[in-house]
Amino acid sequence: MTSYTLDVKHNGTDYGNFCIYQTYDGQDDDIRSLVWFSKAAHPGTQLRFEWNIDYSFVWSEKGVLIPGVIFNASEVEETDPSNTNLNTIGFTKDKGAYHFTSTEDSTKSGKLGIACSELIPANSVSIGIGMSGNPAYACVAAPSLKYTFSPHPTYWIAFGNYEEGAVIDVNCMTQKYAIKFPVNTFERSLQLCPNNTWGSMDNM
Numbered sequence: 001m002t003s004y005t006l007d008v009k010h011n012g013t014d015y016g017n018f019c020i021y022q023t024y025d026g027q028d029d030d031i032r033s034l035v036w037f038s039k040a041a042h043p044g045t046q047l048r049f050e051w052n053i054d055y056s057f058v059w060s061e062k063g064v065l066i067p068g069v070i071f072n073a074s075e076v077e078e079t080d081p082s083n084t085n086l087n088t089i090g091f092t093k094d095k096g097a098y099h100f101t102s103t104e105d106s107t108k109s110g111k112l113g114i115a116c117s118e119l120i121p122a123n124s125v126s127i128g129i130g131m132s133g134n135p136a137y138a139c140v141a142a143p144s145l146k147y148t149f150s151p152h153p154t155y156w157i158a159f160g161n162y163e164e165g166a167v168i169d170v171n172c173m174t175q176k177y178a179i180k181f182p183v184n185t186f187e188r189s190l191q192l193c194p195n196n197t198w199g200s201m202d203n204m
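Counting in the working numbering, the sequence shown runs from 1 upward without gaps.
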């Protein structure tokens, strides 16, 4: 299992939250990025974020996903995009309660699929993908539809006022920075500078 570490030095001037979120190429507009990790920090302090590349299916009883809504996972099922026996799951409502279930649907290797049954009421519940224990993406579920996710993320860091699990509008994010991990690089160090720009602290 691949593990990553990000050290962040707060050399800015204000108290706030560092948040990490994900995007991926080809991400549909109805698939929303969530605040994946968030940690509060005072100026002059240093934080560490650590995560593994382990994926999960998640859902939350949220029928609307607008910025600020918190996606609290009600069920978590481990998955593996490289294993076609594990990378697709069904989602239904039975006896008044939502839950993941088996499905005959299939998904191409390298992707993750959630097949919603015809019993899912419209605009009543959200489904998504988690990584390293926290939800990362979500979309509002619709009956009889299958949703496909491509878990090959770009990691981003931002500074402001953020809560884990919150829906964000990636087009409105400010003070953000794309975290690149070159091949065979699993540790990075960044700083938020006094002028609110980002800088590398690798090898320092």
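All C-beta atoms, glycine included, are put in the ideal place defined by N, C-alpha and C.
Between the C-alpha atoms of H152 and D94, what's the straight-line distance to the nearest angstrom? 33 Å
What's the C-alpha gap between K62 and V69? 8 Å
Contact defined as beta carbons within less than 8 Å: I believe P135 pairs with L34. What is the distance between those atoms, to the nearest angstrom? 5 Å
Assigned secondary structure, V76 (DSSP; H/G/I helix, E/B strand, else coil): strand
What residue range is occupied by the uninterrupted beta strand (DSSP E) comprising F181? Per DSSP, F181 belongs to no beta strand (DSSP E) and is neither H nor E.
Under the three-state DSSP convention, the category N134 falls into: strand
Might you give, ordered along the chain, the residues of its own chain that have their beta carbon closer than 7 Å to the beta carbon of S132, omitting 5 neighbours on each side? W51, N52, D54
When the Cα atoms are used, what is the spatial distance from I20 to T197? 16 Å
Alpha carbon to alpha carbon, what distance is there between I168 and V208? What is shown of the chain runs 1 to 204, which leaves residue 208 out entirely.
Which same chain residues end up closer than 6 Å to T2 when comparing Cβ atoms and leaving out the 5 residues on each side of it in sequence? I53
Supposed close pair I129, F149 - CB separation, criterion 8 Å: 5 Å
Which of helix, strand or coil DSSP assigns to C19: strand
Quickly, what does DSSP pair G110 with across the bridge? List them, please. Beta-bridge pairing links G110 to no other residue.
Assuming F18 and L47 form a contact by the criterion Cβ under 8 Å, report the distance between their Cβ atoms to the nearest whole angstrom. 6 Å
Please classify V35: does DSSP put it in a helix, a strand, or coil? coil
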